[in-house]
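Visitor: So that we are looking at the same thing, I have put the structure below in structure tokens.
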């Protein structure tokens with residue numbers, strides 16, 4: 658991973674859509690089934706804020722939850738996990754290790770090989786198909 662990216666609130670607001678800003682910088686959540694940008698082609702999902710590669714299509718699965726779900730990140734060091742006790746719940750928040758963008762949460766109810774479900778907000782991810790420049 659490259660150096661940590663830090664920007665002012667105004668810089669993030671100028672760079673991101675309103676929804677992407679709310680989700681990634683304010684730990685919001687997009688509504689389920691509202692982001693139709695879930696390609697099935699081979700490729701890489703990157704952080705919408707900094708471009709850091711985070712997940713590959715090969716780790717993606719249909720969880721039926723309405724959010725893109727993955728069994729594991731591209732590299733363990735691509736994301737960081739933090740305890741999240743908001744809304745009277747105990748969850749594990751997932752953020753981009755490079756820019757601290759809120760991506761979603763990880764749950765222990767996923768399929769093999771990891772048994773994990775990285776439930777990400779689609780608006781927090783950009784997709785680049787394999788072979789695209």
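Numbering (my numbering), first residue to last: 658 to 790. Quick reminder that beta carbons are idealized off the backbone N, C-alpha and C, glycines included.
When burial is assigned at 16 or more other CB atoms within 10 Å of the CB, is residue 687 buried or exposed?
Guide: buried
Visitor: Spell out a yes or no on whether the region 711-720 and the region 658-677 are touching, meaning 3 or more CB-CB pairs, one atom from each, closer than 8 Å.
Guide: Short answer: they don't touch.
Visitor: Tell me whether residue 698 is buried or exposed, calling it buried when 16 or more other Cβ atoms sit within 10 Å of its Cβ.
Guide: exposed
Visitor: For a test of the three-state rule: what should DSSP assign to residue 766, helix, strand or coil?
Guide: coil
Visitor: Mind reading off the beta-carbon distance from residue 776 to residue 764? Whole number of angstroms is fine, and I expect it under 8 Å.
Guide: A Cβ-Cβ separation of about 6 Å places residue 776 in contact with residue 764 under the 8 Å criterion.
Visitor: Mark residue 690 as exposed unless 16 or more other C-beta atoms lie within 10 angstroms of its C-beta, in which case mark it buried.
Guide: Residue 690 is exposed by the Cβ-count criterion.
Visitor: Work out the CA separation of residue 747 and residue 782 for me, nearest whole Å.
Guide: 24 Å
Visitor: DSSP on residue 779, reduced to helix/strand/coil?
Guide: helix
Visitor: Can you say whether residue 682 is buried or exposed, counting buried as having 16 or more other CB atoms within 10 angstroms of its CB?
Guide: buried
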